[in-house]
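Residue numbers (the working numbering): 7 to 213.
Take a look at the structure below.
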Ligand code: SF4
């Protein structure tokens, strides 16, 4: 597995990159260019991108070439996801993107040290590998994937640890959505600090 820690990471393993609609969380519905980096050691049993786990399966793409491709689209917002993108040092990637005027958002489990400069941090902790404490005060959004009822108590644990202005989302795990969504709706109605996040990209059939 490729692990990059240097501050001059000019190439990154990219599983896929595409221009689409952000389907989840605070920026749901916004046009965004997604870069899905390879590499993840978190091991969620319900992971829907298991092909991302082995970084060595994915080509190393040069950051400049990647940005050249993004610039051919009308994109203003770039979302870095994975995999677990913080397995790589993202300082050079975000500096280059921001230098070109792009907003930089990340989706992370927080299980690796934060790198990069971000306009928005979506922190999505996973039970399978506990997050590091450093992500808690800087998260703009806490998004907890709910697989069963016990995940609600687990979500509250992190809601108590993030900053007071962090947005709070509960999102049904896709394959369990029919079962857990009614439970989440009832929970949000009783605990209105939370909001519902749906993976709308899966309903509208975009990547
Ligand atoms: S952190 Fe994300 S990519 Fe990694 S196993 Fe969990 S769901 Fe999959």
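Built from N, CA and C at the ideal position, the CB exists for glycine as well.
Just so you know, these numbers come straight off a predicted model, no measurement behind them.
- Using a C-beta cut-off of 8 Å, the region 111-127 makes contact with the region 71-91, since at least three inter-stretch Cβ pairs fall below that distance.
- Straight through space, the alpha carbons of residue 150 and residue 131 are spaced by roughly 7 Å.
- Along the length of the region 43-123, whole beta strand (DSSP E) runs at least 3 residues long occupy 66-68, 83-87, 109-114, reported in chain order.
- Between residue 192 and residue 175, the gap from beta carbon to beta carbon reaches 8 Å or more.
- About 18 Å separates the Cβ atoms of residue 59 and residue 181, ruling out a contact at the 8 Å cut-off.
- With a cutoff of 7 Å, residue 203 does not count as near the ligand SF4, since its C-beta is closer than that to no heavy atom of the ligand.
- An exposed status is given to residue 155, since fewer than 16 other beta-carbon atoms sit within 10 Å of its beta-carbon.
- Residue burial annotation: residue 169 is exposed, with fewer than 16 other C-beta atoms found within 10 angstroms of its C-beta.
- At the C-beta level, residue 25 and residue 81 come within 8 Å of one another.
- Secondary structure note for residue 25: its beta strand (DSSP E) is the uninterrupted segment 17-27.
- In this structure residue 186 is buried. Its beta-carbon is surrounded by 16 or more other beta-carbon atoms within 10 angstroms.
- Note: residue 209 is not bridge-paired with any residue in the DSSP secondary-structure output.
- The set of residues with any CB-heavy atom separation to the ligand SF4 below 6 Å comprises, in chain order, 46, 48, 49, 50, 53, 55, 58, 88, 89, 90, 115, 132.
- Residue 43 holds the alpha-carbon nearest to the alpha-carbon of residue 55 among 43, 66, 62, 65.
- The residue from 63, 212, 152, 158 with its alpha-carbon nearest to that of residue 183 is 152.
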